[in-house]
Amino acid sequence: MAKNGGALPLCCMAPAELAPGNRIRLQNAIANQVWRHFIDFFPDSTVFSAQSLRVERRRVLLGAGTLLASGVLQISSPAFADVKIALRNVEATRIPCPEGQTTVTGGTSFKATCFRVTGEATNPASQPVYNADIFGRVYDAQGEPALDTTENLRIDTLAEIPPGKSKVSFQITVSEEQAKLGPLELKNFKATGYLGKGSGRLDDIDFSELDSD
29 MAKNGGALPL CCMAPAELAP GNRIRLQNAI ANQVWRHFID FFPDSTVFSA QSLRVERRRV
89 LLGAGTLLAS GVLQISSPAF ADVKIALRNV EATRIPCPEG QTTVTGGTSF KATCFRVTGE
149 ATNPASQPVY NADIFGRVYD AQGEPALDTT ENLRIDTLAE IPPGKSKVSF QITVSEEQAK
209 LGPLELKNFK ATGYLGKGSG RLDDIDFSEL DSD
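Using the working numbering, the letters of the sequence shown map in sequence onto residues 29 to 241.
Pasting the structure below:
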């Protein structure tokens, strides 16, 4: 509790003082960042099977929970309070795929078709949101998932979303076979990011020292 008798804000609490729901949110945020660094080291998803990727992600989540519960990770910045951003009027337009990107993988390789997804973001905060993860569902014309059946699939990350309403865009890649069926159906698109460039996220930590023995 604060000296004036009021509750401490989330940013100033030690992990043990957080409500269970907030601890889970923080644990997921930390795990997602560790997972992103893991994927950056292994950009070719064909190196791992779908099953092994699920196992590795579970290990990352459990590891983040252990660190949080032990008090190793302390919250020292309000940037750990995430901001939910609604995405509306989301549309997909076919574009040429970047050079060298000819397939998508999900256990099997296919010819790829690339789309530029655009939408209107509404940032409710009074300042920019950084490193905003984009989530959503993409279905083909027959109602089948066009990207992945995994829950809470992170599609892309936007470096910055300004306050209020703004236009956002990012690329997705689906199989050519599904793209030929007709227009894609885009559902439940949203973004989640953090305030401040010095966000306290793992993206701001220098990992270079981990490379030395």
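For every residue, glycine included, the Cβ atom is placed at its ideal position computed from N, Cα and C. Note that the coordinates shown come from a computational prediction; the quantities given were computed from them, not determined experimentally.
- Counting only the Cα atoms, V157 lies some 32 Å from E172.
- Residue ranges of uninterrupted alpha helix (DSSP H) with 4 or more members, entirely inside the region 182 to 226 and ordered along the chain, are 204 to 207.
- N117 has its alpha-carbon roughly 12 Å from the corresponding atom of S194.
- Counting along the chain, the unbroken beta strand (DSSP E) around A160 starts and ends at V157 to Y167.
- Taking C-beta atoms under 8 Å as the contact rule, A140 and S203 qualify, at a distance of about 7 Å.
- Looking at the DSSP output, L115 bridges to A149.
- The DSSP-derived three-state label of C125 is coil.
- Here A140 is bridged, per DSSP, to S203.
- In the assembly as shown, N216 is an exposed residue. Its beta-carbon has fewer than 16 other beta-carbons within 10 Å.
- Leaving aside the five residues that flank A153 on each side, the residues in its chain whose CB is nearer than 7 Å to its CB run, in chain order, V111, P191 and L223.
- The C-beta distance from I162 to A219 rounds to 5 Å, short enough to meet the 8 Å contact threshold.
- Check the Cα spacing between A187 and each of A160, F138 and T201: the tightest is with A160.
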